[in-house]
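Residue numbers (this note's numbering), protein chains in the order written: chain A, 2 to 133; chain B, 397 to 853.
Where is the CB? At the ideal position from N, CA and C, for every residue including glycine.
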């Protein structure tokens with residue numbers, strides 16, 4: 002994805018991760034990394050899919066994204082249990098670069114504590130943290 | 397320059413910067429300098445006090461072996477393009493060096509039957525420890541189950557490093573058959589029941605040697621299968637590369653990571669080093685492998701070229717999360733290794749294995765026929781075997797050495813283990829002819845007989 006973009010319907014974590022609360026089932030959230038994160042990493046070559054059933058904690062790392070020049074921890078914006086992982090990334094990790102908010106989603110979690118959502122930022126606030 | 401920084405002499409810099417309390421205040425107590433000629437004479441005298449494998453008929457082994465190193469290897473290793481550079485920090489400029497690594501990796505991969513190999517490690521025992529760390533990175537478990545058939549130095553290295561990894565090491569014994577008994581004795585290999593019993597769901601890795609320290613060929617396929625039945629460990633085998641011409645490759649035996657000491661391939665004994673270790677694994681462990689990995693690619697003009705790849709595993713990027721903390725290499729020794737394999741060739745390594753097999757069995761039978769000498773075990777052997785002597789091994793060795801024959805390793809002196817008292821480990825290489833083996837039998841037989849007579853009944 003060439004142009005920076007931060008969709009309005011997402012919640013953002015300062016460590017460059019986003020969460021999309023499922024419209025149909027607000028107890029489930031889809032997680033991923035932002036445009037800024039994938040742009041900083043460069044070409045993603047590998048994503049080690051975490052296990053379904055594993056628990057994630059807000060602000061803690063739950064997976065790693067590997068690019069040609071770095072391996073980066075992926076921080077969970079919300080706590081919960083992983084209910085689904087994006088299997089397509091095993092063969093096609095560059096979806097994370099091409100479509101970080103769509104086909105590049107990483108995992109879906111069943112949220113443990115809905116109140117944690119209050120601590121996340123909206124698109125405008127997040128974009129502001131990125132500076133000029 | 398002194399004027400520019402405002403001091404009158406170099407001495408003044410030291411006096412101003414180094415606290416007086418830590419300054420020695422006198423000249424160092426060094427002998428006077430010698431001329432080059434005097435140094436040469438002095439070093440020659442020191443060297444003459446050593447006995448090398450060239451000076452005696454040697455049957456020493458236990459991890460490093462006196463194989464023939466063809467002149468071709470010295471010729472290539474001494475080329476300054478290979479001899480003088482350190483690890484290249486802009487590796488893609490050193491295409492020749494990367495190509496050597498790539499060919500080396502290919503050779504190791506073919507030998508071990510495993511798809512991925514790194515560009516070599518420091519030596520064998522640390523490669524085993526690195527494989528244990530790979531297992532920990534892979535499955536986050538903390539238990540290592542190891543066979544007592546591993547080389548004592550490997551076990552010691554592994555225990556030392558496992559402490560740092562926060563891993564527990566559990567040792568499985570070898571079977572005990574009666575030494576020198578009639579055929580059917582099952583002693584001398586990893587105890588299959590104890591092995592299966594020790595491995596559970598918390599076991600990170602299961603590690604054995606092939607052949608084992610006492611020269612016995614293990615049933616690698618059975619050990620791997622039993623390990624995978626009992627839990628989900630990463631199966632690691634430390635293998636003697638010379639035997640891979642005739643033994644089933646580890647990759648075909650269910651082994652996940654094959655490592656080993658590369659010295660037998662094109663490197664001399666050199667009083668114990670330097671040498672190199674090799675490290676090969678299944679593709680799924682690629683990202684957990686330590687060491688450099690050379691890759692083949694094409695440049696912008698479509699020409700084949702080589703690069704260092706998967707560098708995001710390494711310390712300069714991952715820091716404390718890297719796959720290893722070792723930051724130097726013995727690439728020159730690995731070069732000798734790949735040249736040796738190319739020189740030997742696919743047929744050559746098989747022929748060498750068959751020759752070693754024949755001579756080793758001849759030697760074992762001939763020596764075991766001597767009075768006071770028995771086989772430690774009846775297992776098939778390839779290039780090394782253990783004997784139990786009815787006499788003090790050190791004394792027997794002393795008598796043999798006086799005759800210019802080094803009959804093998806005093807195992808108790810190496811391992812310090814009580815059960816190794818009286819054990820002699822004898823190694824055969826292609827440099828030991830049938831006549832040499834006959835001489836060994838003659839000298840060893842006489843030495844054992846003399847020692848048995850000397851000891852009061």
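Between residue 552 of chain B and residue 814 of chain B, what straight-line distance do the alpha-carbon atoms span, to the nearest angstrom? 16 Å
Spatial neighbours of residue 753 of chain B in its chain, beta-carbon cut-off 6 Å, leaving aside the 5 residues before and after: 778
Could you pull out every residue in the same chain whose Cβ sits closer than 7 Å to the Cβ of residue 798 of chain B, ignoring the five residues on either side in sequence? none
Measuring only the C-alpha atoms, how far is residue 791 of chain B from residue 446 of chain B? 20 Å
If we cut at 8 Å on Cβ distances, does residue 66 of chain A have a partner in chain B? no
So, does the CB of residue 47 of chain A fall closer than 8 Å to a CB anywhere in chain B? yes
Does any residue of chain B bring its CB to less than 8 Å from the CB of residue 71 of chain A? yes
What does the alpha-carbon distance come out to for the pair residue 435 of chain B and residue 444 of chain B? 14 Å
Using a Cβ distance threshold of 8 Å, determine whether the stretch 599-616 of chain B contacts the stretch 635-642 of chain B, with at least three qualifying pairs required. yes
Residues of its chain near residue 693 of chain B, where Cβ-Cβ distance is below 7 Å and the 5 sequence neighbours each way are ignored: 701 and 703
For residue 16 of chain A, report the span of its beta strand (DSSP E) as first-last. Premise fails: residue 16 of chain A is in no beta strand (DSSP E) and is neither H nor E.
Proximal residues of chain A, C-beta to C-beta of residue 689 of chain B below 8 Å: What residue 689 of chain B touches in chain A: nothing, since even the nearest Cβ is about 14 Å away.
Work out the CA separation of residue 772 of chain B and residue 839 of chain B for me, nearest whole Å. 20 Å
Name, going along the chain, the residues of the stretch 668-693 of chain B whose beta-carbon falls closer than 8 Å to a beta-carbon of chain A. 683
CB-CB under 8 Å to residue 522 of chain B, same chain, minus the five flanking residues each way: which ones, in chain order? 553, 557, 673 and 722
Specify, as a first and last residue, the run of the beta strand (DSSP E) that residue 31 of chain A falls within. 29-34
Just to confirm the assignment, what range does the beta strand (DSSP E) spanning residue 68 of chain A have? 62-68
Is residue 726 of chain B helix, strand or coil by DSSP? coil
By DSSP's criteria, residue 770 of chain B is part of a beta bridge. Which residues make up the other side? B:784
Does the stretch 91-111 of chain A come close enough to the stretch 41-52 of chain A to have 3 or more Cβ pairs within less than 8 Å? yes
Residues in its own chain within less than 7 Å of residue 788 of chain B by CB, not counting five upstream and five downstream? 847
Residue closest to residue 786 of chain B, alpha-carbon to alpha-carbon, out of B:803, B:819, B:678 and B:812: B:819
Quick check: the stretch 472-490 of chain B against the stretch 757-767 of chain B, are there 3 or more CB pairs under 8 Å? no
Tell me whether the beta-carbon of residue 601 of chain B lies closer than 8 Å to the beta-carbon of residue 568 of chain B. no
Find out if the Cβ-Cβ distance for the pair residue 586 of chain B, residue 541 of chain B is shorter than 8 Å. no
From which residue to which residue does the beta strand (DSSP E) around residue 48 of chain A run? 45-48
With residue 502 of chain B as the anchor, note down where its alpha helix (DSSP H) starts and where it stops. 491-508
Where the beta strand (DSSP E) through residue 720 of chain B begins and ends: Segment: none, residue 720 of chain B is in no beta strand (DSSP E) and carries neither H nor E.
From residue 503 of chain B to residue 495 of chain B, what does the alpha carbon distance come to, in whole angstroms? 12 Å
Which residue or residues does DSSP assign as beta-bridge partners of residue 696 of chain B? Note: residue 696 of chain B sits in no beta bridge, so no partner.
Determine the contact status of residue 479 of chain B and residue 740 of chain B, defining contact as a CB-CB distance below 8 Å. no
Hey, quick one: how far does the beta strand (DSSP E) through residue 522 of chain B stretch, first residue to last? Here residue 522 of chain B belongs to no beta strand (DSSP E); instead the alpha helix (DSSP H) covers 520-535.
So what's residue 517 of chain B in DSSP terms, helix, strand or just coil? strand
Quick check on the burial criterion: 16 or more other C-beta atoms within 10 angstroms. Buried or exposed for residue 431 of chain B? exposed
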